[in-house]
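In UniProt numbering, the protein residues as written are 1 to 153.
All C-beta atoms, glycine included, are put in the ideal place defined by N, C-alpha and C.
Just so we're clear, the structure is a prediction, and the values are computed from it rather than from any experiment.
Next comes the structure, spelled out in structure tokens:
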């Protein structure tokens, strides 16, 4: 059995953003990884949560979200390095994020994904996320963006 640790960061520093940006560059699904500066700019002053997942003390994945509106938390970015997939890391980070958001008083958690990410879609639906919107009319089905939401109350 692997030793898995999830570190929660709520006060993001430039170093945290750089770590996240570097990790994104190693995850093939990120066609256009976001720079550390762009991460910090997007978060602004909003309350945020960065989860860094370690397997045997090696950084294996992350999940980043922030407050979109009062009572609403948005799970913006996340991923697991290919070598560490099938260990349940995404599910563990989702569980930690949901628990944290509930403890912080959020009523709902939302996320967007592309239709081509079947494993992520399956995990979200299995965790009672509901599809609220489908965008990208005219794009290939695999490139259409799906919005999902889960009530935390």
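Item to check | DSSP three-state assignment for residue 72, whether helix, strand or coil | outcome: DSSP places residue 72 in strand when its eight states are reduced to three.
Next on the checklist: Going by DSSP, what residue range makes up the alpha helix (DSSP H) through residue 102?
Outcome noted: Element bounds for residue 102: 89-103.
Item to check | Closest Cα partner of residue 54 within the set 62, 142 and 44 | outcome: Residue 54 has its Cα closest to that of 62, out of 62, 142 and 44.
Checklist entry - Leaving out the 5 sequence neighbours to the left and right, which residues in its chain are closer than 7 Å to residue 91 when beta-carbon positions are compared? => result 123.
Checklist entry - Hey, quick one: how far does the beta strand (DSSP E) through residue 22 stretch, first residue to last? => result Per DSSP, residue 22 is not a residue of any beta strand (DSSP E); the alpha helix (DSSP H) it occupies stretches across 14-24.
Item to check | Segment limits, alpha helix (DSSP H) that includes residue 125 | outcome: Under the DSSP assignment, residue 125 falls in the alpha helix (DSSP H) whose first and last residues are 118-126.
Checklist entry - Candidates 35, 13 and 59: which alpha carbon is nearest residue 48's? => result Shortest Cα-Cα distance from residue 48 to any of 35, 13 and 59 involves 13.
Item to check | For residue 133, the first and last residue of its enclosing beta strand (DSSP E) | outcome: That run of the beta strand (DSSP E) goes 130-135.
Checklist entry - Under a three-way DSSP split, which group does residue 165 fall into? => result There is no way to answer for residue 165, as the model of the chain reaches only from 1 to 153.
Checklist entry - Ordered along the chain, which non-local residues of its own chain (more than five positions away) have a Cβ less than 8 Å from that of residue 35? => result Non-local beta-carbon contacts of residue 35 in its own chain, meaning distances under 8 Å to residues more than five positions away in sequence, involve 21 in chain order.
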